[in-house]
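With numbering that gives the first Met the number 0, the residue at position 514 of the sequence shown is 513, and numbering never jumps.
Heads up, the beta-carbon is just placed ideally off N, CA and C, and yes, glycines get one too.
Here's the structure we're looking at; comments come further down.
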Amino acid sequence: MSKRQILLGNEAIARGIVEAGCAVATAYPGTPSSEILPAVAAYADELGTKTAVEWGINEKVAFEVAAAASFSGQRACAVMKQVGMNVAADGIMSVAQFNMAGGFLLVVADDPGPHSSQTEQDTRFFSMFAKLPCFDPSSAEEAKRMVFDAYDLSERHQIISVLRPSVRVDHCRQDVELGEVREVPNKAAFKKDPKRWVCLPANVRVSHPQLNAKIDAIAEEFETDFDSYNYEVPARSEAKLAVVAGGVSFAIVMDILKATGRTDVAVLKIGTPFPLPVKKVQDFIARHDNVLFLEETYPVMEMQLPDRTKIKGRWNGFVPRAGELLPEVIEEILYRALGEERPKREEERLKAALQELKVTPKPPALCPGCPHRASFFAIHKALPAAIYPSDIGCYTLGVNQKMVDSVVCMGASVSQGSGFFLAHHVDGKDQPVVSTIGDSTFFHMGVPGLINAVYNRHAFVLAILDNSLTAMTGGQSHPGLGDKLRREDSGVAVDLVPLIRGCGVSHVSVVASYDVAEGTKAIKEAWQFAKENRTPTVVVFRHPCMLLRPKQPRVAVTVDQEKCIGCRYCITNFNCPGLVFSDEKKKAYIDERFCVACGVCRFVCPHGAIVAVDGEEA
């Protein structure tokens, strides 16, 4: 009797990776993929496999580690989110043309919307660009099944297989069948062959045509041998509409049809969007007059069709060209394609009620007690006229304190510091610049930019906001901590300060994030040194994340209503959820539902109105 369990989509993928006999699994955390690798470690411990499970310092490194394991004949996988694929792109494009020895699964989680990303780019499009087969699951159960078929396909064609779950699949929960670890013949035995493993131009002239031939062969397989992922759900009455849907859009369409009891819509599910089973799709289109394509986020399936004139989709704007295809969006599109008026939804009545009550959602903010908030306050107090480039992480929310002037990608805050310096230096101006970056992000991609700044003598301050973990993606470890994922597996912590000095930085200071006075002094001194010596300087603001590592001293505070003059300085410049302004009393007060008693706001009020509660310091 099979064992079943309700799993998160990411847990289902992880279970499939372990059951499929993966020997080496690597990743860099990024929502919505973050839960996959920890679950791989947990299942490997539970099932007693020898799987090596490691966080990479970034996606490029994680991919290259897993790739070399595949070169050695072992089944391997690398896991990342869609923008992380950009970081790994250099290696992916080269390795795509190799004849892999062991099965290689590249799991890339997409974030249509986006919910927590810089872009809503489509990994299926990248797969087409790199000429790699792509699987697009519509559910957690299907994602797990696809892991096995992706590995088999990889080994059959000696190619990287891409599994592309989107956020709704990653974070859904579903009843999934659990199996045992499969015995796979792969053993580590690297066979030296420069023509196979070295991406010289002369070798590429041979390998690129071979890659084209692989994709052609896979396209034929997707036409005939993958009916469990590519299949038609025919209309039970005369079809008024035919829908071609991939990924979670298919699941949403089927839910809508079931809920409305419609029998006049035919659906073709596509689980292998690249290479598209074109003949199967063309046959479906030929049998229907009214055809709608639903896919996230780019028109990847549509683009592979020689003739799109008959279909409604993203290519002609019938389907929105941006944004997540939420159930309510898909429902509206379906009714518009049917030429019918959509029934009023309960959610619309709720939305109207909220508008009538003037209930508005609050924008995202740094958590109560977040050490980054105090660091930002100290930086602004020291250099209020500075330019503040920042980076990808929790601290991007410093925009609420007017402490984030630009964000591009991981590590770019350091390089932007150089660019802002140069732009003003050529005009003869000493413009203060303070770049902010997290500890994990500095390890990920900040080091090259800092070395470049030292080499070229760029004068700015780099503030590293060290909260001792990778916070925004869920509290994962990084090289600065040395923690490993599997039981009995230990790593080595890389000390941040010697690393900074090793980059050539001569002025480095470390301050406690909550010590606003000391932080202000450190930033002033760092800028003065940078300006006088034309060199980058570094200030490390250090305090563990208040919520994910909560065992910290607490200071209960209150607002002295006699001293508070209602200037809103604490609200505007500190932006803590625990500080609230009463429009009725024109005074600030502490909201005890959110206050975590970090005590930092005592140093914020210019009138000394925020004070510690007597006898409540712990």
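{"Check": "The region 378 to 394 in contact with the region 413 to 433 per 3-pair CB rule at 8 Å", "Outcome": "yes"}
{"Check": "Beta bridge counterpart(s) of Met79 as assigned by DSSP", "Outcome": "Val107"}
{"Check": "Validate contact between the region 78 to 93 and the region 134 to 151 using beta carbons, cut 8 Å, 3 pairs", "Outcome": "no"}
{"Check": "Close Cβ partners of Val146 (< 7 Å) along its chain, the five nearest in sequence each way excluded", "Outcome": "Ile12, Gly15, Ile16, Ala19, Leu104 and Leu162"}
{"Check": "Leu275 burial status per 10 Å Cβ neighbour count (16 or more: buried)", "Outcome": "buried"}
{"Check": "Alpha carbon of Ala22 to alpha carbon of Ala75, nearest angstrom", "Outcome": "6 Å"}
{"Check": "Assigned exposure category for Ala201 - 16 Cβ within 10 Å defines buried", "Outcome": "exposed"}
{"Check": "Spatial distance of Phe602 from Gln354 (CA atoms)", "Outcome": "38 Å"}
{"Check": "Three-state secondary structure (DSSP) of Ile56", "Outcome": "coil"}
{"Check": "Those runs of the beta strand (DSSP E) which lie wholly inside the region 438 to 522 and span at least 3 residues", "Outcome": "460 to 465 and 507 to 511"}
{"Check": "Reference Pro627, options Gln560, Val558 and Pro543, closest by Cα", "Outcome": "Since the first residue of the chain shown is 0 and the last is 617, residue 627 is not available in this structure."}
{"Check": "Nonlocal neighbours in the same chain, by C-beta distance under 7 Å from Trp526, ignoring five residues either side", "Outcome": "Leu382, Pro431 and Val460"}
{"Check": "Any alpha helix (DSSP H) of 4 or more consecutive residues that is wholly inside the region 215 to 280", "Outcome": "247 to 259"}
{"Check": "Beta carbon of Val252 nearer than 8 Å to that of Leu267", "Outcome": "no"}
{"Check": "Whole-angstrom C-beta distance between Pro535 and His457, which should lie under 8 Å", "Outcome": "6 Å"}
{"Check": "Cα-Cα separation, Ile91 to Met79", "Outcome": "13 Å"}
{"Check": "Unbroken stretches of the alpha helix (DSSP H), 4 residues or longer, contained in the region 134 to 165", "Outcome": "139 to 156"}
{"Check": "8 Å Cβ cutoff met for Ala336 and Asn289", "Outcome": "yes"}
{"Check": "First through last residue of the beta strand (DSSP E) which encompasses Gln4", "Outcome": "Lys2 to Leu7"}
{"Check": "Inter-residue CB distance, Ile436 and Met402 (contact presumed, cutoff 8 Å)", "Outcome": "Not confirmed; about 13 Å, so no contact."}
{"Check": "Segment limits, beta strand (DSSP E) that includes Val537", "Outcome": "Thr536 to Arg541"}
{"Check": "Stretch-stretch touch, CB-based, cutoff 8 Å, three pairs: the region 105 to 125 with the region 285 to 301", "Outcome": "yes"}
{"Check": "8 Å contact criterion, which Arg172 and Ile35 should meet: CB distance rounded", "Outcome": "With 8 Å as the limit, Arg172 and Ile35 do not qualify as a contact, their Cβ atoms being about 15 Å apart."}
{"Check": "Neighbourhood of Val610 by C-beta distance below 6 Å, restricted to the same chain and skipping five residues each side", "Outcome": "Asp559"}
{"Check": "8 Å contact criterion, which Gly316 and Phe292 should meet: CB distance rounded", "Outcome": "Contact doesn't hold; Cβ gap of about 12 Å is too wide."}
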